[in-house]
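Read through the structure below, which is laid out as structure tokens, and then see the notes.
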Amino acid sequence: MSQKTVRAWMHRGVVSCRPDTPLEEVATTMEFKDISALVVVNEAGDAVGVISRTDLVNARFVQPYLKLWRGMMAEHLMSRPVISVGPDMPVVEAARLLGEKQIHRLVVVEKEGRHVRPVGILSVTDLAKHIPEWRV
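Taken in order, the sequence shown gives residues 995 to 1130; the numbers are from my numbering.
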């Protein structure tokens, strides 16, 4: 099990949005794609944040944001900095990082020069699917 890498268990491909994407569009994309988060990327395609269903629910139903919802963009709610890992990181280390940071997903990135391109997502759900395989 300790030899498994993030690459083996991650979801390949990333559904993303731009920082200026309206929250209504973010919510619609999540619903249509049946996903729980989008990676926010800049013009160069670098991962700059993550916005989740939890972020949307909290913003939509928390009083200070109710009146502003229609004018809000992904950049207003996204988590930053992006907590990311490389595809060759051992799964055990990635699982520890998820626990330490108390987050539900890691953005898997590959560096291309000075750019950081998202190539996948490793979530708690992905890890849970493999629990029967884990040997102590």
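No residue lacks a Cβ here, since even glycine has one placed at the ideal position from N, Cα and C.
Buried/exposed call for Arg-1099, threshold 16 Cβ in 10 Å: Classification for Arg-1099: buried.
So, for Arg-1012: in the same chain, excluding its five sequence neighbours on each side, which residues have a beta-carbon less than 6 Å away from its beta-carbon? none
Provide the residue span of the alpha helix (DSSP H) that contains His-1070, from first to last. 1068-1071
Rounded straight-line distance, which links the Cα of Pro-1016 to that of Glu-1037: 16 Å
Near Asn-1052, what residues of its chain come up, given a Cβ to Cβ distance below 6 Å and the 5 sequence neighbours on each side ignored? none
Would you kindly work out how many angstroms separate the C-alpha atoms of Asp-1120 and Arg-1111, rounded to a whole number? 21 Å
Note down the Cα distance separating Gln-997 from Val-1085, rounded to an integer number of angstroms. 8 Å
Do Val-1103 and Gly-1007 come within 9 Å of each other at the CB atom, strictly closer than that value? No. Outside cutoff.
Taking the alpha carbon of Pro-1081 as the reference point, which residue from His-1124, Lys-1105, Ser-1073, Arg-1074 has its own alpha carbon closest? Selected option, being the one with the closest Cα: Lys-1105.
Three or more beta-carbon pairs under 8 Å between the segment 1086-1094 and the segment 1024-1033, yes or no? No, they do not touch.
How is Val-1102 classed by DSSP in three states: helix, strand or coil? Three-state result, Val-1102: strand.
If we count the other Cβ atoms within 10 Å of its Cβ and call it buried at 16 or more, is Val-1020 buried or exposed? buried
Whole-number beta carbon distance between Val-1044 and Val-1076, since they are thought to touch under 8 Å: 6 Å
For Thr-1023, does the three-state DSSP call read helix, strand or coil? It is helical.
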